[in-house]
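J.: Residue numbers (this note's numbering): 128 to 255.
The following block contains the structure:
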């Protein structure tokens, strides 16, 4: 269910690392909990964030959720498609529904993230 090449946070964000850039999105579990996504607010390209900072919000028909970055870095790209069509997050949260790309500051941030198997166990445990 969760792509094995991604890393996952306890806040239900996923990170896909390619060289010094990581793509960030929310997990299948998070989008199911939110329900139909109707609005997405993302940061500006060039903004710099520390680990754990809020980088945007996702609004659904039943809640507003903050998006937190599990890695520190500079925003280098936004997914304008999800701003124009927020339902992409529901339709393909681990693919076309990605949110931002960050050039991360330190690979050390990645050590606190879970692999797919660990994340799936975390979700099943009810701690999520």
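Heads up, the beta-carbon is just placed ideally off N, CA and C, and yes, glycines get one too.
What would DSSP say about residue 190, mapped onto helix, strand or coil?
T.: Look at residue 190 here: in three-state DSSP terms it is coil, with no helix or strand label.
J.: Under a Cβ-count criterion, where at least 16 other Cβ atoms within 10 Å of its own Cβ denotes burial, should residue 236 be classed as buried or exposed?
T.: buried
J.: What is the DSSP secondary structure of residue 151, counted as helix, strand or coil?
T.: Shown here, residue 151 sits in a strand according to DSSP, grouped into three states.
J.: What does the alpha-carbon distance come out to for the pair residue 202 and residue 252?
T.: 33 Å
J.: Mind pulling the beta strand (DSSP E) runs of 3 or more residues that sit fully within the stretch 192 to 252?
T.: 200 to 205 and 227 to 231
J.: When you compare only the Cα positions, how much space is there between residue 297 and residue 139?
T.: Beyond the ends of the chain as shown, which are 128 and 255, falls residue 297; an answer cannot be given.
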